[in-house]
Structure formats: C-alpha cells, structure tokens
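Written below as structure tokens is the structure these notes are about.
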Amino acid sequence: MLDKVLYFILSNFPLCMCILSLLIALTSHNKFNQRFFACLLFFAVGLGGVWGFIMHAFFDSVASNNIGWKASPFEFEVALANLALGVAGIIAAFANWAYRAGVVTVTTVFLWGAATGHIYQIIISGNFNPGNAGTILWTDILIPLLMLILLPLTYPKKNDSIIYY
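Here the sequence shown stands for residues 6 to 170, numbered as in our numbering.
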C-alpha cells in the first residue's frame with residue numbers, strides 16, 4: 006500500500022504539490038491568497054523544480070521513457086533548467102513581490118512552453134505517455150495560471166505586509 010502511495014506521489018509530484026499548497030493555505034485563518042501564492046512558489050515551483058532536476062539528472066532513462074522520449078544528453082540541460090526554477094521558487098516563497106513576479110514570469114514561460122511541446126507531441130506523434138499527456142500536462146498549464154491570478158491579488162497595498170511562507 007505504501008509503495009503505491011509513494012509511486013503515485015512521485016509520478017504526480019507537481020499535482021501533489023499543488024494540492025499540498027491548497028491544503029496549507031486553507032488552514033490559514035487569514036490572507037488565503039498570499040499564503041496560497043507563497044506555498045505554490047515553495048512547493049509547486051520550488052520542490053517541483055528540484056523533483057524535475059532529480060528525475061532528469063539522475064533517473065533520466067525513467068523520465069525519458071515516461072515522457073515517450075529516447076534518452077538524450079539534452080535531458081541534463083532540462084534538469085538544470087528545472088533546478089534553476091526550483092531554487093528560484095524556494096527563494097521566492099520568502100522574497101518580496103517584485104522577485105515573485107519575476108519568478109512567475111520565468112515559470113510561466115517555461116511551463117507553458119513545456120505544455121505547448123506536450124500538446125504538439127500529442128497532435129504530431131500521438132504521444133499519450135503519462136509523462137507527456139498525463140497530469141504533468143495539466144499542471145504545466147495550471148501552476149502558471151494560478152500564479153498569474155494570485156500575482157495581482159497579492160500586490161502589496163500601502164502599509165500591507167506580504168505573507169512569506
């Protein structure tokens with residue numbers, strides 16, 4: 006049973022991080038938007054980026070097969086891009102609004118670009134592998150969308166403090 010739970014979490018890590026972010030924000034008694042935003046940055050972008058790095062750098066054949074790719078040295082570059090996003094996301098959870106805006110921008114470009122690639126592979130190659138057309142496709146769309154909604158909602162007003170993770 007535990008092995009199935011761990012497999013589900015590791016196979017759907019970005020989705021699990023979104024759910025965890027929402028659950029933590031729901032337990033907050035005030036400033037839901039700011040708490041949810043900080044948690045998304047820390048868990049979905051930060052830990053999600055570190056997860057992507059680990060998978061593409063150290064388990065590249067597993068990641069490639071799950072996506073429907075052949076193993077390639079390019080995967081290490083994808084790993085480093087994920088690590089950069091992960092580090093930036095973790096820092097952003099504790100940073101000011103302007104830094105967060107920059108991380109949201111870069112994350113949106115990267116994840117929506119990845120989602121575009123997934124959709125292209127579905128249309129052109131019929132690639133419905135879980136790592137291409139599964140929850141990763143939907144979280145590549147959802148995470149930036151949620152952050153783009155939360156970004157203006159969390160813009161600090163005069164005499165208003167930002168909630169950090």
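No residue lacks a Cβ here, since even glycine has one placed at the ideal position from N, Cα and C.
First through last residue of the alpha helix (DSSP H) which encompasses residue i
| i | result |
| --- | --- |
| M22 | F18 to T32 |
| G139 | Segment: none, G139 is in no alpha helix (DSSP H) and carries neither H nor E. |
| N38 | F37 to C44 |
| T159 | No alpha helix (DSSP H) holds T159; DSSP gives it neither H nor E. |
| F63 | G53 to F63 |
DSSP three-state assignment for residue i, whether helix, strand or coil
| i | result |
| --- | --- |
| A76 | coil |
| G131 | coil |
| F99 | coil |
| M6 | coil |
Buried versus exposed, by CB contacts within 10 Å (16 or more), residue i
| i | result |
| --- | --- |
| E82 | exposed |
| D65 | buried |
| L158 | exposed |
| M6 | exposed |
| L90 | buried |
| F48 | buried |
| P78 | exposed |
| V10 | exposed |
| D145 | buried |
| H61 | buried |
Anticipated Cβ contact below 8 Å, residue i with residue j, distance rounded
| i | j | result |
| --- | --- | --- |
| W74 | F18 | In fact, because the Cβ distance is near 18 Å, the residues do not count as touching under 8 Å. |
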